[in-house]
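Heads up: the sequence lines are chains A and B, in that order.
Last residue of the first sequence: 97 in my numbering, with the numbers rising by one and none dropped.
Last residue of the second sequence: 115 in my numbering, with the numbers rising by one and none dropped.
For reference, the structure discussed in these notes is given below.
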Amino acid sequence: LAKTTQPISMDSYEGQEVNITCSHNNIATNDYITWYQQFPSQGPRFIIQGYKTKVTNEVASLFIPADRKSSTLSLPRVSLSDTAVYYCLVGESTGGFKTIFGAGTRLFVKA
Amino acid sequence: DVKVTQSSRYLVKRTGEKVFLECVQDMDHENMFWYRQDPGLGLRLIYFSYDVKMKEKGDIPEGYSVSREKKERFSLILESASTNQTSMYLCASSLLAGVREQYFGPGTRLTVT
């Protein structure tokens, strides 16, 4: 599985757009990019997954450039409740079972 | 909604005790996982199972064993608990293999004294 690098922490204010970038230089052809969110005292929750270009759902957008060596999770107009740890994972969408969660990015949203 | 439940939210055990952590999922998922989470280290995979009675080691299996006798239940066993196994333990399940959507339980915070 490809190793990922993301910032340890980020601060933002309510109403701002937050972009969290993840580097994955060794991403393989069959790898997908997946993001999870974890609130304190809870297990991680799947947010979004993509392979290339842009994916959007009701929670976030995921931007993946053509070389796929990085990806950006975009959270529009964050609120206090978006304070959480965000994990970027890279790996095959099928076939492999192991999932590697790094230390994640701790996002703190201030009023 | 998928539901993954874990037997305890908090557990305190003594060094040398045998500890059982239970996980149950209600969505007929093939795959189940046990992770531990420690500050600054993210989640680390201990064991996973892709079928009943099947198990595979994750990244840190030492000191742990697992059991999956029924599809919906995956147990993590600490044969002889040690203080360095004090951690948050998270169970997850998924329908598909690979880096796909995993559903997590609320976690069990285990303290070994």
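Just so it is clear, CB atoms sit at the ideal spot from N, CA and C, and this is done for glycine as well.
What residues match up with residue i in a beta bridge as DSSP calls it?
i: residue 17 (chain A); result: A:78
i: residue 96 (chain A); result: A:-1
i: residue 115 (chain B); result: Beta-bridge pairing links residue 115 (chain B) to no other residue.
i: residue 5 (chain A); result: A:60
i: residue 48 (chain A); result: A:41 and A:59
i: residue 36 (chain A); result: A:19
i: residue 15 (chain B); result: B:114
i: residue 38 (chain B); result: B:46 and B:91
Taking C-beta pairs closer than 9 angstroms, name the residues in chain B that residue i reaches, listed in chain order.
i: residue 90 (chain A); result: 44 and 45
What in chain A is Cβ-close to residue i, meaning under 8 angstroms?
i: residue 76 (chain B); result: Those do not exist, as residue 76 (chain B) stays about 13 angstroms from chain A at its closest Cβ, beyond 8 angstroms.
Between residue i and the rest of its own chain, which residues show a CB-CB distance below 8 angstroms, the 5 nearest in sequence each way excluded?
i: residue 50 (chain B); result: 33, 34, 35, 36, 57, 58 and 60
i: residue 54 (chain B); result: 70, 71, 72 and 73
i: residue -4 (chain A); result: 4, 6, 91, 92, 93 and 94
Would you identify the three-state DSSP class for residue i, choosing helix, strand or coil?
i: residue 85 (chain B); result: helix
i: residue 68 (chain A); result: helix
i: residue 99 (chain A); result: Outside the modelled stretch of chain A, which goes from -13 to 97, sits residue 99 (chain A), for which no answer is possible.
i: residue 10 (chain B); result: coil
i: residue 54 (chain A); result: coil
i: residue 20 (chain B); result: coil
i: residue 33 (chain B); result: strand
i: residue 99 (chain B); result: coil
Going by other Cβ atoms of all chains shown within 10 Å of its Cβ, with 16 needed for buried, is residue i buried or exposed?
i: residue 115 (chain B); result: exposed
i: residue 63 (chain A); result: exposed
i: residue 14 (chain B); result: exposed
i: residue 22 (chain B); result: exposed
i: residue 27 (chain A); result: exposed
i: residue 68 (chain A); result: buried
i: residue 41 (chain B); result: exposed
i: residue 16 (chain B); result: exposed
i: residue 14 (chain A); result: exposed
i: residue 2 (chain B); result: No answer is possible for residue 2 (chain B): the residues shown for chain B start at 3 and end at 115.
i: residue 7 (chain B); result: exposed
i: residue 56 (chain A); result: buried
i: residue 51 (chain A); result: exposed
Please return the same chain residues whose Cβ sits closer than 6 angstroms to the Cβ of residue i, not counting the five positions on each side in sequence.
i: residue 28 (chain B); result: 5
i: residue 71 (chain A); result: 24, 90 and 92
i: residue -1 (chain A); result: 96
i: residue 113 (chain B); result: 14 and 88
i: residue 37 (chain A); result: 18
Excluding sequence positions up to five away, which residues of its chain have a Cβ less than 7 angstroms from the Cβ of residue i?
i: residue 17 (chain A); result: -12, 76, 77 and 78
i: residue 33 (chain A); result: 21, 22, 23, 45 and 46
Just to make sure I have the definition right: I need the residues of chain A whose C-beta is within less than 9 angstroms of the C-beta of residue i. Which are they?
i: residue 92 (chain B); result: 29 and 30
Using a C-beta to C-beta distance shorter than 8 angstroms, which residues of chain B count as neighbours of residue i?
i: residue 73 (chain A); result: 44 and 45
For residue i, go through chain B and note every residue whose CB falls closer than 7 angstroms to its CB, in chain order.
i: residue 87 (chain A); result: 44 and 45
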